[in-house]
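See structure below.
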Amino acid sequence: MYYDLRWEIIENTFTSPNFKFKVVGDEGGYNQDWQTAPVENALIKDRILIAPNTTQSYTISLTLHGTGEEQNYDQGKTFDGKIVVVLVG
């Protein structure tokens with residue numbers, strides 16, 4: 109069976125590309141290094157295979173990556189979203 113991982117974004121008010129997320133999956137799940145968090149609904153990965161009788165777990169990490177410069181413009185910003193799993197066959 110295959111499934112897609114998608115972001116459903118409720119709100120992302122960050123103005124810089126410095127707010128990032130990382131995906132770590134186990135048991136053959138998807139892994140992704142740091143990427144800028146989306147501002148609208150977005151596909152993370154499509155057609156991830158899951159073998160019968162397998163459980164895949166994910167850790168999604170979020171961080172404000174440093175730039176070595178002032179980042180006051182991102183103070184008080186918010187991110188609200190959820191991960192959606194869609195079975196595709």
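All residue numbers for the sequence shown refer to this note's numbering, where the first residue is 109 and numbers rise by one.
Backbone N, C-alpha and C define an ideal beta-carbon position, used for all residues, glycine too.
Query, Result
"With distance defined between alpha-carbon atoms, name the residue in 194, 186, 177 and 179 nearest to residue 121.", "186"
"Is the region 115 to 129 in contact with the region 160 to 167, if contact means three or more CB pairs nearer than 8 Å?", "no"
"Starting from residue 187 and walking both ways along the beta strand (DSSP E), at which residues does that stretch end?", "187 to 195"
"Taking the DSSP output, what are the residues bridged to residue 120?", "187"
"Rounded to a whole number of angstroms, what is the C-alpha to C-alpha distance between residue 134 and residue 114?", "17 Å"
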